[in-house]
Structures are given as C-alpha cells and as structure tokens.
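Residues are numbered in the numbering used here as their position in the sequence shown, beginning at 1, plus a constant of 137.
Backbone N, C-alpha and C fix where the C-beta goes; we use that ideal spot for every residue, glycine too.
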Amino acid sequence: MYQITRILSIDLGEREFKKRQELRARRQVLETIASTAATSGGLSPAQMDELASIKLLLSSDTVVDPFYRVVAATQQKKAWEQLEKARENIHEFGLVGSQRKPMQAELDSDEQEILSICGILQLDGYTDPSPKGFVQRVSVAQGEYRENKALFDAAFSMLSHSYPVKLGSQIQAQRIDPSIIGCLTEQNNPEERRKDPSQYSDPDAGDDVYALSVRNIAATVRRLATDGVTANDSWLASRIQNVYDMQTGVVAGAPPSALEIILPDLDESTDVEIIRENLNAVQAIYFAYMLEEMRLPQVVERIVELFRGGLLPLGRGKAGDYLFNYYKKAGERITEGERRDLYMRCFGAPGGDPNGNEPNREFNELWLRFVSAVSSFGRQLSVDRMLRSNVPVAVSQEQVRKAARDLGASLSRSGYGIAYFAATEMQQMILEFRDLLSDSEVRGSFGARDMWQVIDQVNVNYLGGARNTHRFRTQARAGAVIIRWIANNHQRLGNRYGEVISVNALTNPQLRGSEQPTVDPTDWDLVQACEQWLAVGGVQDNSIEQYAQPTESPVITSRPIEMPQMARDVLDQAGISLPGM
138 MYQITRILSI DLGEREFKKR QELRARRQVL ETIASTAATS GGLSPAQMDE
188 LASIKLLLSS DTVVDPFYRV VAATQQKKAW EQLEKARENI HEFGLVGSQR
238 KPMQAELDSD EQEILSICGI LQLDGYTDPS PKGFVQRVSV AQGEYRENKA
288 LFDAAFSMLS HSYPVKLGSQ IQAQRIDPSI IGCLTEQNNP EERRKDPSQY
338 SDPDAGDDVY ALSVRNIAAT VRRLATDGVT ANDSWLASRI QNVYDMQTGV
388 VAGAPPSALE IILPDLDEST DVEIIRENLN AVQAIYFAYM LEEMRLPQVV
438 ERIVELFRGG LLPLGRGKAG DYLFNYYKKA GERITEGERR DLYMRCFGAP
488 GGDPNGNEPN REFNELWLRF VSAVSSFGRQ LSVDRMLRSN VPVAVSQEQV
538 RKAARDLGAS LSRSGYGIAY FAATEMQQMI LEFRDLLSDS EVRGSFGARD
588 MWQVIDQVNV NYLGGARNTH RFRTQARAGA VIIRWIANNH QRLGNRYGEV
638 ISVNALTNPQ LRGSEQPTVD PTDWDLVQAC EQWLAVGGVQ DNSIEQYAQP
688 TESPVITSRP IEMPQMARDV LDQAGISLPG M
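This is how it looks when you write it as structure tokens:
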C-alpha cells in the first residue's frame, strides 16, 4: 500500500501540545475543587462554565491555540467560529487541511501564507494574541510575506520535504500531542485516543512525516531578503540551504540582531544544592550587570540632569512625566553602590564594598569553563555531522554536567538574601529604561534612530567615551539564556546518568529554538548563547579548548556560612581560609 508522507508543522504542533497540557492541568484543578466541595465550597458558576468550556475544547481535534486562531481569522477576514464550522484553514495537532486529505498534497496558498505569518510572528516574539495591537502585528507580518512571496515559495518548495522523521519520535519528544494518532479517521474524543493510542491509526506512530519549522523558514527568507537575494538568483537553492543551515545552527554564526528584554518569572520551586529561584534572581542581576557595563543607568541619570537643567527639548508627555517622577523618587531606588555590591557578591565584579560583601572569586573561571565545555561539545557534533552519517559523542557529556553543576552551585549560593528582591527591582528598572530611551521625543533630542544610539551619544558627549554596546547587550542576552538553562535543568544536572545536552536537539535543524529563550531555553539555545558570548568576548579557540578540560571542582557550600567577625579575623590572621570566606 502506498504510504503518504505528510507535512507536519512542528511549531504549531508543539504550541498545540503545550496549550492542551495547560487546559488539562486547569481541568484537573477545577475537578479537584468540585470533588472536594464539602471542604472547598465547590465550583462557582464562573468556574463551572470554565470547566465545561475546557472539556468541550479538549473533546475536539480542532486547534485550541488562540495564537493560531487569531492569525487564521485575521488572514481569512472571517470570524474563527466560521472557519471552525466549515473546517476551513484549521490545523489538527500540526496537520493543516491539505495534509489531512487521503491523497498526498502540497500546502495550498492560504495555508502557506498563514504558516508564514505564524513563523514571522514567532520569530519576532509576538505569540500572545491578547494584547492590543496584535492584529496589527499580523497585518505587518502578512505584508512581509507578500513582499517576499517568491522567496517564501522557493523556501517552502525546497524545505517542506527535506526532513523526514517518524511521527512517534515527535510524540515521544513531547513536541506533538499523542491525540494526533488516529485523528484523521476516528471521529471520537481525542482524550480517549490519547489514553490508548495503540488502538488507532491514520496517522500511526510509525508513519513518516516531514518536519517543517515555519519559524526557521521565516528566518531564512528574512535573511535572504536582507542580503538582497531575489527569487531569480541562479544560486537560490544553494543560498536557501546555506542560510537555513546557519539559522538552525548546522553552521555556527548569525547571532540575534536585536535585543529582546524578556526577564524571567522569579516565582519558581527550589532544589537542595542548586536553588532554582536563586539562579532566576542571579539571571536578572547578570542582565543588569551587563547593561551597567555599557552605562545604561548612568545614561538615564545624565538625561535626568539635562532635563532638570532645561537642556532637553522635551515638553509635556510620557517621557517628561517619567523623568520628573524619576527625579522626585531618587531616594527610593537602589543606588549604584548597592548594585555594585550585588555584582561583586554574585560575579566577583570590581567596584563593590569589600566590607560585608564576600566576592564570588570563582565565578569567572567557572563561567568560562562551562561556556567553553558547551561550545566544544556543540562544535564536535557539527564537525562529526559533516564527516559521518552518525553522530558519535567524542566530548563527554559529563564534562558539561560537571561544569554546569559547579557554576550553578556557585551562582545559587550568591542568590540568597537581598538578591531576589533586588532582581525584581532591576527587572522593572530595565524595562522602564528601555521604554524611556526608545521614546521618539528622547531619540529626537539626541538625533538617534534607536535606544542604542542614544546611549552612544550620551556616553561620548557626557560620560567620557563610547562603550561597546553591541558586546554588552549580546552578552546580557546570552548570559541570561545560559543561567536560565542551568536553573531550568537543575534536576537533569543532578542525575548520574542520561544526556545533559540532547544530541537530537542539536543535530535536527527542525527542532530548535524557543520562543522565549531567556525564559524557557532549549539545549540548542544554550549552545548558541555560549557561542555568541564567546564570540563577542573575543575568546580565542585555543583558550576555549583549554577551559573545556575538566578540573577539580571548587568547594562551594549550598548556603552562606555564618561565622562571627571575630572568628573570621582570627582565622584570617592565621592564614586559614574556609569555604565561603
């Protein structure tokens, strides 16, 4: 029998899986409240309606992801209810309409446009349809697609059938909901199919599908368009493949061209040795530290002084209101000295007060060892991929595990005390500074196109010289991804066996990249962040190889050691140093 190979949108399928998991978790909460009505008081009328709505959504194969719903409805210029009723331009677990037909078919024009818009929006980080202005973003993405339609056509034609995988492997990797098994022929509750997928087929777990990442296709087309490549280029196929490989990490390179300031939710669970919420706090502090190195807070302070002295042509408006409130509430903010104390305690950075603040002297070496180990591991896989059909792991995963545990434990110890609370204030401070420096009035006052030019102008004219803003903003984002990865994977680092970095995630170009790498980084995001950090830091390859070699772990306590100052002075005079001193 002829086996159909369908195109499976990995991006949409993974989003659908996560949204259904969220609905299942919420359903469990509501059902628990209902079953314990005697003690909990039962469900309110609104909760009853919510539970009924969730059950209705989960009992259907139709997409529940609100992101896709709004995109499809906007592109089709119809209400979603109309599309759902007619089963028009919907997808089921990543399979769009043409790919659910009994005979093999290519994506039709509307499907390709909707998928491309989804890819562009994911690339730009606009995946929440609830804020005002999202529909406008859809229209902008649609305009980008239509402007470069010929390139999108070529990219889809070339890449849609390039990466065959087993459907079961995607389910096992938790990228696709198990309810996809049997969704094409079985007209029953997908929750029932999910319980025992072996009873269903079409599609079957053993079927081959073509994994398609529309986010990566959008990134490829955007890069080609930026480079001036047209659909008439004689080497178009080669250019598409080269750019696609670069975008997906098969070829090292291409760091993000824009800074995304999306700092983490700090309310997380804890662990014994590596405290997850401590690392989340340190992540925000590191982000702020890199921006401090480019003098971002000092730039804002100088702008406030210019505003106070009447030297800025700002009138009544949002920027003026912020600058006035900033000046008025100066005494309520964390000071530069207090920030420097935190940087010294967390990263051993100079500038803090050594009295009462113990610097983290091990940070620089532990950081370079972990970043170098990850980089060497990723490079080894890239070389072996080009030379062999299989991927032997010549670089030990244990080197990466050890380096990650050492760094995680060191940062975790630095995250106690005021770090959590300072991190929340720094996070808010960064967002406010970004909005201020991006304001059109402020930019116009300095003749700047963006916030980075404002920083450069103020640094050069008022603060003693320019700073390398590109380096520091790249290291801010890359460092945030690295620390967040350690925080999110602390349990994996504590295991004695198993992969630390998934080889499959690095070698399959369709399965890479997170929508929010500073919040939920993948293994591929980690490798790219390490490469970017090393590249802008100017670390030589021979130094990377040297730092990647294992050394004895430093003695790091999981909590700060409490010792009276008198005892510390006696030990110090005797030349005795204890861990944590």
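Residue i classed as buried or exposed, judged by whether at least 16 other C-beta atoms fall within 10 angstroms
i	result
glutamine 336	exposed
methionine 138	Only weak support is given to the placement of methionine 138: the predicted model assigns it a pLDDT of 36, under 50, and the value that follows is read from those uncertain coordinates. Exposed, because fewer than 16 other Cβ atoms sit within 10 Å of the Cβ of methionine 138.
phenylalanine 558	exposed
histidine 298	exposed
aspartate 478	buried
methionine 719	Beyond the ends of the chain as shown, which are 138 and 718, falls residue 719; an answer cannot be given.
lysine 269	exposed
valine 595	buried
arginine 143	buried
arginine 161	exposed
arginine 538	buried
serine 526	Any answer about serine 526 is weak, because its pLDDT of 41 lies below 50 and its placement is not dependable; what the coordinates show is given next. Exposed, because fewer than 16 other Cβ atoms sit within 10 Å of the Cβ of serine 526.
leucine 252	buried
arginine 224	exposed
Supposed close pair residue i, residue j - CB separation, criterion 8 Å
i	j	result
methionine 431	arginine 604	5 Å
leucine 600	arginine 439	6 Å
aspartate 662	proline 654	4 Å
glycine 545	valine 664	Not really, about 17 Å apart at Cβ, beyond 8 Å.
valine 579	alanine 456	5 Å
alanine 291	isoleucine 377	6 Å
serine 513	glutamate 682	7 Å
For residue j and residue i, the rounded distance between their alpha carbons
i	j	result
alanine 374	alanine 209	29 Å
leucine 433	aspartate 341	55 Å
valine 380	glycine 365	13 Å
alanine 183	alanine 624	36 Å
asparagine 326	alanine 585	57 Å
leucine 145	glutamate 499	47 Å
alanine 395	glutamine 686	Only weak support is given to the placement of alanine 395: the predicted model assigns it a pLDDT of 30, under 50, and the value that follows is read from those uncertain coordinates. Cα to Cα, alanine 395 sits roughly 33 Å from glutamine 686.
phenylalanine 583	phenylalanine 461	19 Å
glycine 343	proline 658	29 Å
serine 111	lysine 332	Only positions 138 to 718 of the chain appear in the structure, and residue 111 is not among them; the question remains open.
arginine 157	valine 200	9 Å
asparagine 285	leucine 193	39 Å
arginine 542	serine 680	21 Å
proline 491	valine 597	31 Å
arginine 621	leucine 416	7 Å
leucine 149	glycine 262	14 Å
isoleucine 555	glutamate 473	15 Å
leucine 244	serine 294	9 Å
serine 246	serine 651	27 Å
leucine 103	aspartate 678	Here the chain has residues from 138 to 718 only, and residue 103 is not among them.
arginine 312	tyrosine 423	31 Å
tyrosine 300	lysine 238	21 Å
alanine 389	lysine 465	Only weak support is given to the placement of alanine 389: the predicted model assigns it a pLDDT of 39, under 50, and the value that follows is read from those uncertain coordinates. Approximately 48 Å, taken between the alpha carbons.
arginine 476	glycine 675	26 Å
glutamate 569	alanine 174	45 Å
glycine 468	glycine 454	23 Å
glycine 552	threonine 611	23 Å
leucine 296	threonine 169	46 Å
leucine 630	glutamate 328	34 Å
alanine 613	valine 656	14 Å
arginine 330	phenylalanine 230	13 Å
isoleucine 412	alanine 560	15 Å
Beta bridge counterpart(s) of residue i as assigned by DSSP
i	result
lysine 303	Asp345
histidine 228	Val233
isoleucine 144	Tyr347
CB of residue i within 7 Å of CB of residue j, strictly
i	j	result
isoleucine 147	alanine 348	yes
isoleucine 191	arginine 164	yes
glycine 488	proline 496	no
isoleucine 567	valine 436	no
phenylalanine 154	aspartate 265	no
isoleucine 667	valine 508	Per the sequence presented here, residue 667 reads as cysteine, with isoleucine not at that position. In contact: cysteine 667 and valine 508 (Cβ atoms closer than 7 Å).
cysteine 483	valine 351	no
alanine 425	methionine 563	yes
valine 233	glutamate 248	yes
threonine 322	aspartate 345	no
leucine 258	alanine 287	no
serine 577	methionine 588	no
leucine 180	alanine 189	no
Cβ-heavy atom distance, residue i to the ligand MG, below 6 Å
i	result
phenylalanine 289	In the structure on display, the ligand MG does not appear, and there are no ligands present to speak of.
Below-7 Å beta-carbon distance, residue i vs any chain B residue
i	result
leucine 630	Among the chains in the structure shown there is no chain B, since it carries only a single protein chain.
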